[in-house]
Amino acid sequence: MNLKDKVGFITGGVSGIGYATAELLLQHGAKVAVIDVNSEAGRTAVSNLAVKYGEANVIFVKCDVTEDGDIEEAFKQTIAKYGRLDVIMNNAGILNESNYKLMISVNLTAAITGTMLGMKYLRKDQGGNGGVILNMSSISGLKPSLCLPAYAATKHGIVGYTRSMANSMAADINVHGVRFNCVCPEFTDTPMVRSLESVDSLNRRGIHHAQALSNYVSENVDGMIKVSYIADNIIKLLADETKNGAAMLITSKGVAFIDPPEHPYFSDRANLKR
Ligand SMILES: NC(=O)c1ccc[n+]([C@@H]2O[C@H](COP(=O)([O-])OP(=O)(O)OC[C@H]3O[C@@H](n4cnc5c(N)ncnc54)[C@H](O)[C@@H]3O)[C@@H](O)[C@H]2O)c1
């Protein structure tokens, strides 16, 4: 997919990985809707981007992704502004083991809702142009997490949902034109990770092995992957039309596509009686 003149919709887009991806999409000539619950940071982020890339190319929509009505309204405002939608990045996320119900709602439920509500604007058979949905997982979506078991559950959920949607919808891709992929970064230097330096903050959020995690982050955060590297790889994945159902692991040592063994009954539509 050539990203020039395409329209991207990024939740959690005012900070960290979401913001870096929004900026890179703009550099590729796309237009962007930055979606976030933090309206103060949203206004600042969008005015910075508008100065660099033009007011016509970026909007901020305040949206709490735990509210289905907010997500629907954000899609409507994006379509009203640009008249099309090509890329949905369900990226908003939090870390909170104590309030795991809220975390599941932000990290996983909202990504499923964003996929389901967004599909109708992307589908070629419903007036869209086709496109790609990119869900944000983590390396904790692929392996056990020592400190964040409920977070890992949300991120495993993203991998399972995204790969399953791709698998389920693949036979009709020529009809709807939508691809589904996810990315699984390791520790990246963002405000979310910087917040792990404080033991008090970790304890308040019920994060396991708080002291050890705080020590690790404090000692290593300056050398962690930068958001620009994650955004670069996300852009490559968005543009690559051969990728559907991909789980892209992004580490400081490079990128790998994770391909769990397929079970023939569940992965091959020929085995399902229609
Ligand atoms: N930083 C990492 O090491 C890392 C690694 C793997 C995956 N991730 C994932 O990447 C995504 C982005 O994380 P980040 O590190 O850039 O964090 P970040 O804290 O910089 O950005 C997260 C954004 O999500 C927004 N958000 C939170 N709750 C929301 C809600 N209810 N509605 C709308 N927006 C909401 C925040 O306001 C914030 O702007 C998250 O899903 C995170 O789990 C991060």
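Heads up: the sequence shown runs through residues 1 to 274, numbered per UniProt numbering. We put the CB at the ideal spot given by N, CA and C, even for glycine.
To the nearest angstrom, how far is it from the Cα of G8 to the Cα of I59?
Taking the sequence shown and counting its residues from 1, one reaches residue 8 at position 8. Taking the sequence shown and counting its residues from 1, one reaches residue 59 at position 59. Roughly 11 Å between the two C-alpha positions.
Measure the beta-carbon distance from S138 to P185 and round it to whole angstroms, keeping in mind my assumption that it falls under 8 Å.
Position 138 of the sequence shown, counted from the start, is the residue given in the question as residue 138. Position 185 of the sequence shown, counted from the start, is the residue given in the question as residue 185. Their Cβ separation, rounded to whole angstroms, is 6 Å, which keeps S138 and P185 in contact under 8 Å.
If you compare alpha carbons, which of I207, E67, I250 is closest to V106?
Position 106 of the sequence shown holds residue 106. The shortest Cα separation from V106 among I207, E67, I250 belongs to E67.
Which residue wins for smallest C-alpha separation from L134, given the options A30, E97, I158?
In the sequence shown, the residue the question calls residue 134 occupies position 134. Closest by alpha carbon: I158.
Under the assumption that M169 contacts T115 (Cβ atoms under 8 Å), give the Cβ distance between them as a whole number of angstroms.
For the purposes of this step, residue 169 is taken as the residue at position 169 of the sequence shown. For the purposes of this step, residue 115 is taken as the residue at position 115 of the sequence shown. Actually they do not touch by this definition, with Cβ atoms about 10 Å apart.
Kindly give me the distance between the Cβ atoms of I88 and A231, rounded to whole angstroms, as I take these residues to be in contact under 8 Å.
Walking along the sequence shown from the start, residue 88 turns up at place 88. Walking along the sequence shown from the start, residue 231 turns up at place 231. Not confirmed; about 16 Å, so no contact.
Counting only runs that start and end within the stretch 139-202, where is the alpha helix (DSSP H) found for 4 or more residues in a row?
149-169, 173-176, 191-194
Would you identify the three-state DSSP class for I17, choosing helix, strand or coil?
Locating residue 17 in the sequence shown gives position 17, where the first residue counts as 1. Reduced to three states, the DSSP call for I17 is helix.
Between which residues of its own chain and E55 is the CB-CB distance below 7 Å, once the five residues before and five after are set aside?
Walking along the sequence shown from the start, residue 55 turns up at place 55. No residues qualify anywhere along the chain.
Taking 7 Å as the cut-off, does the CB of F257 come closer than this to any heavy atom belonging to ligand 1?
Translated into positions along the sequence shown, residue 257 becomes position 257. Incorrect: F257 has no Cβ contact closer than 7 Å to ligand 1.
Hey, V227 and A50 are a contact pair by Cβ (cut 8 Å); roughly how many whole angstroms apart?
Translated into the one-based positions of the sequence shown, residue 227 becomes position 227. Translated into the one-based positions of the sequence shown, residue 50 becomes position 50. That belief does not hold up - the Cβ atoms of V227 and A50 are roughly 20 Å apart, past 8 Å.
Sorted by chain position, which residues of the same chain lie with C-beta nearer than 7 Å to R274's C-beta, five sequence neighbours on each side aside?
Taking the first residue of the sequence shown as 1, we reach residue 274 at position 274. Its pLDDT being 48, under 50, R274 is placed unreliably by the model, and the measurement read from it follows with that caveat. Contacts found: none.
Output the distance between the C-alpha atoms of G141 and A152, rounded to the nearest integer angstrom.
On the sequence shown, position 141 is the one that residue 141 refers to. On the sequence shown, position 152 is the one that residue 152 refers to. Straight-line Cα distance between these residues: approximately 6 Å.
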